[in-house]
Structure formats: structure tokens, C-alpha cells
């Protein structure tokens, strides 16, 4: 079974189903005019409750590196079916390297062939990923509540060693939402046992960016601190705004 979906700027997505796996083949040029449409197509596929989603981006052109964050945005929007593995296929080695540099591969592993991707799905399905979500109030009490939840969930998940750095990261993210967007912070914490991810979504489409370092002195801005304390971090657009995330590991302990 297959279907073709056209999105703006001649971005074509062919959808087919192989048993319980949904396979999407994307062709065209990915840019700001059609990134939301592609994200929505991926989101729609998750609502069908497949065992996994494989997205072939071999024929997809991505002139601007930030456009790859479209895939991360789709990953963070999956709330009803967050356990559905989403993996990418790209036969072009240079493009795979670009995907890895864009941090997408941290959340959506990329493989050179569809066969290799499908073979890896069994291993991915066996992973134990613990996660929890919370909608926080759009006021200063969310700073205290987010820290409380970090302590509670990380302790339950046997990740106590990462609590100090996670507290710093979540405080920066939630404070930025309150200060710059005035929207309701949506927090998600995840751990696969080796690393942990802190993500906070808001209703602003303005991406979170680290400001240029001052000519003199030390940059102590919130995102500069997150950059120094985390393995990786980024900002990804969603249909309702954006999600700012950070991955921390054992090397980030305070």
C-alpha cells in the first residue's frame, strides 16, 4: 500500500506500509516553506500506531543545515505515541554526515540502506527509554516545580548523579520561556540509562540561540551555561512553537 503526498515547494512524500512499519520516501528541497508540512506528515504517520517509521531522505536536498531540525521537531511532538522508533535512511555518505552534525541522529538513527534500518528496528524496540511529561504554569512557580520533578523523576530512574546538571539546564530553559515568550512551558525528561535528555517546549516560533560571546569577559548567559554543561543542545521548530533540548551524560556531572 502506498500513497503520494505533495507539500509546498514540490516536496513529495511517498508512503507505504510493510507489515506494521510505515516507510516514507521524501524527495525535493526541504526549506522553511515546506518543513512544517513534512513534520505534519511524519506526525500523522505516528498516529496510525505503527511499530516503527522509516524515513528515506536519500533524494531530499537540504541546502540550509537548520532545516534538518524539522525531524527533531517531529520527534518532540510525538506525545501520544512517543515509543514509536523513527529512523532515517540515506544512501549518500556526505548527507549522512550532515545529518549527524545537525544532531538529528541523536534522536533518529540514520542508516545507509532501508534493509539496514529495518534490521536495526528490533534492537531499538528492545531499548528501555523512560520518559515523563509535565505542563508547567506560565509563572515563576514553574521554576520550583520543574526542579522538583527533575529530582523526583531522576531519582526514580536511578539517575541521581545527573540531577545537579539537569537542575541547571531545566532552570535555564524554563526561565527563558517565562522571560521571552510568556507561554506555558511543556517539559519532557527522558533517559535511556546512559544519557538523559531535558526538553522544554513553548509557544514561540523564535528559535533559541546563544548570543555572541562578549568581546571581553566570560559569557555567563543561560544558553552559554547549557552549552558548557551538556553533551549537545539545540532548538527545533514544532507546529505550536519550538522545543529546546539538551542531552547530558556521565561526563557532565557536577
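Residue numbers (this note's numbering): 1297 to 1550.
Glycine included, C-beta positions come from ideal geometry on N, C-alpha and C.
Since we're looking at a predicted model, the values are computed, not measured.
Leaving out five residues before and five after residue 1398 in sequence, what residues of the same chain have Cβ atoms less than 6 Å from its Cβ?
-> Taking the chain shown and counting its residues from 1, the one referred to as residue 1398 is at position 102. Excluding sequence neighbours, residue 1398 sits near 1361, 1364.
Roughly how many angstroms separate the alpha carbons of residue 1535 and residue 1332, rounded to a whole number?
-> Counting from 1 along the chain shown, the entry for residue 1535 is found at position 239. Counting from 1 along the chain shown, the entry for residue 1332 is found at position 36. Straight-line Cα distance between these residues: approximately 7 Å.
Under three-state DSSP, which class holds residue 1480?
-> Translated into positions along the chain shown, residue 1480 becomes position 184. DSSP places residue 1480 in coil when its eight states are reduced to three.
Cα-Cα separation between residue 1517 and residue 1503, rounded to whole angstroms | Taking the first residue of the chain shown as position 1, residue 1517 is located at position 221. Taking the first residue of the chain shown as position 1, residue 1503 is located at position 207. Cα to Cα, residue 1517 sits roughly 16 Å from residue 1503.
With distances taken from CA atoms, which of 1506, 1469, 1519 is nearest residue 1498?
-> Position 202 of the chain shown, counting from 1, holds the residue named residue 1498. The shortest Cα separation from residue 1498 among 1506, 1469, 1519 belongs to 1469.
Nearest candidate by alpha-carbon position, reference residue 1276, set 1457, 1395, 1461 = Absent from the model: residue 1276. The displayed extent of the chain is 1297 to 1550, so no value can be given.
Report back the beta-carbon spacing between residue 1367 and residue 1317 to the nearest angstrom; my notes put them in contact at under 8 Å.
-> Walking along the chain shown from the start, residue 1367 turns up at place 71. Walking along the chain shown from the start, residue 1317 turns up at place 21. Rounded, the Cβ-Cβ distance is 17 Å, inconsistent with contact.
Taking Cβ to Cβ, would you say residue 1252 is nearer than 7 Å to residue 1428?
-> Since the first and last residues shown for the chain are 1297 and 1550, residue 1252 lies out of range.
Which residues in the same chain have their Cβ closer than 8 Å to the Cβ of residue 1441, if we skip the five residues on either side of it in sequence?
-> Here the question's residue 1441 lines up with position 145 in the chain shown. Correct list, in chain order: 1430, 1432, 1433.
Are three or more beta carbon pairs between the region 1470-1480 and the region 1412-1428 nearer than 8 Å?
-> no
Express the C-alpha separation of residue 1326 and residue 1352 in angstroms, rounding to a whole number.
-> For this step, residue 1352 is matched to residue 56 along the chain shown. For this step, residue 1326 is matched to residue 30 along the chain shown. Rounded to whole angstroms, residue 1352 to residue 1326 spans 13 Å at the Cα level.
Completely contained alpha helix (DSSP H) runs for the region 1310-1372, where each covers 4 or more residues = 1331-1343
DSSP state of residue 1304, grouped into three classes?
-> For this step, residue 1304 is matched to residue 8 along the chain shown. Because the pLDDT of residue 1304 is 48, which lies under 50, any placement of that residue in the model is unreliable, and the question is left without a value.
In three-state terms, what does DSSP make of residue 1550?
-> Here residue 1550 refers to the residue found at position 254 of the chain shown. It is coil, neither helix nor strand.
Which residues does DSSP pair with residue 1462 in a beta bridge?
-> For the purposes of this step, residue 1462 is taken as the residue at position 166 of the chain shown. DSSP output for residue 1462 lists no bridge partner at all.
Those residues which DSSP pairs with residue 1433 across a bridge = As a first step, residue 1433 must be located in the chain shown, where it is residue number 137. When DSSP reads this structure, residue 1433 sits in no beta bridge, so it has no partner.
Simplified DSSP assignment, three categories, for residue 1409 | Within the chain shown, residue 1409 is the residue found at index 113, counting from 1. Residue 1409: coil per DSSP, three-state reduction.
Residues of its chain near residue 1369, where Cβ-Cβ distance is below 7 Å and the 5 sequence neighbours each way are ignored | Looking up residue 1369 in the chain shown gives position 73. Taken in chain order, the residues that qualify are 1335, 1532, 1533, 1534, 1539.
Three-state secondary structure assigned by DSSP to residue 1454 | On the chain shown, residue 1454 is found 158 positions in, with the first residue counted as 1. Here residue 1454 sits in coil by DSSP.
Give the single residue among 1386, 1396, 1416, 1487 whose Cα lies nearest to the Cα of residue 1454.
-> Mapped onto the chain shown, residue 1454 falls at position 158. For the residues 1386, 1396, 1416, 1487, the minimum Cα distance to residue 1454 belongs to 1487.
To the nearest angstrom, report how far apart residue 1483 and residue 1417 are at their CA atoms.
-> Here residue 1483 corresponds to residue number 187 of the chain shown, with the count starting at 1. Here residue 1417 corresponds to residue number 121 of the chain shown, with the count starting at 1. Near 27 Å, if we compare the C-alpha coordinates of residue 1417 and residue 1483.
Is DSSP giving residue 1380 helix, strand or coil here?
-> One-based indexing of the chain shown puts residue 1380 at position 84. Shown here, residue 1380 sits in coil according to DSSP, grouped into three states, outside any helix or strand.
Spatial neighbours of residue 1460 within its chain, please: CB distance less than 8 Å, with the 5 preceding and 5 following residues excluded, ordered by chain position.
-> Indexing the chain shown from 1 puts residue 1460 at position 164. Within the same chain, residue 1460 has close Cβ partners 1549, 1550.
Considering only C-alpha positions, which residue in the set 1492, 1337, 1350 is nearest to residue 1542?
-> As a working note, residue 1542 is residue 246 in the chain shown. Nearest Cα to residue 1542 within the set 1492, 1337, 1350: 1492.
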